[in-house]
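First the structure, in the form of structure tokens, and then the observations on it.
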Amino acid sequence: MTITSVFLSSGYNFQCDMHQLSRSYQNLDCFKCYEKLLDIQKVFKEPCGGLSGLVKKILGAGLNKTRRNNNWEQRPLTQQQLEYAALDAVVLVHLFQHVRNHSHPAGAQGSDVKMEWKS
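So, in structure tokens, the structure goes:
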């Protein structure tokens, strides 16, 4: 059995999001059951720095989180918000691949090169 056969999707600290979605869409059961979702935060047990800190540690590049506090309730979302959300999804794919390819997740070693994922 591989990690990809066990988990359908991954996220970072998504329990709060799932709770909010299940309250907003009470008639949809898909937001009430999420045992096939891999919480990347729990895999790495990163105490601080959030997703940005984990991305820097594991992938070696910082994650620009300056658009996090925008008004996400307002529609339509701006192009910058769409890019920000897409970037979060992209780095989660890379973190999931890291988990899949390593028997036990470990931080990236070595290089002090300063990089940043930007939307």
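This note's numbering applies: residue 1 is where the sequence shown begins, and numbers increase by one.
Even glycine gets a Cβ: it sits at the ideal position worked out from N, Cα and C.
Given the structure is predicted, the values throughout are model-derived calculations rather than measurements.
Report the residue from the options whose alpha carbon sits nearest the alpha carbon of residue i.
i	options	result
Leu-92	Gly-53, Arg-67, Arg-23 and Cys-33	Gly-53
Trp-72	Asp-17, Tyr-34, Asn-64 and Asp-29	Asp-17
Asp-131	His-19, Asp-29 and Leu-51	As displayed, the chain neither begins before 1 nor continues past 119, which places residue 131 out of reach and without an answer.
Asn-13	Gly-49, Gln-26 and Tyr-25	Gly-49
Given a cut-off of 8 Å, decide if residue j and residue i are closer than it, judged by their beta-carbon atoms.
i	j	result
Lys-32	Ser-22	yes
Tyr-84	Arg-100	no
Ser-10	Leu-28	no
Could you spell out the range, first to last residue, of the alpha helix (DSSP H) harbouring residue i?
i	result
Leu-21	15 to 24
* Flag this pair as touching only if the region 69 to 84 and the region 34 to 53 have three or more C-beta atom pairs under 8 Å; answer yes or no. => no
* Which whole runs of the alpha helix (DSSP H) in the region 27 to 109 are 4 residues long or more, in chain order? -> 40 to 44, 50 to 59 and 79 to 101
* Looking at C-beta atoms only, is the number of pairs between the region 84 to 99 and the region 56 to 75 that lie closer than 8 Å three or more? -> yes
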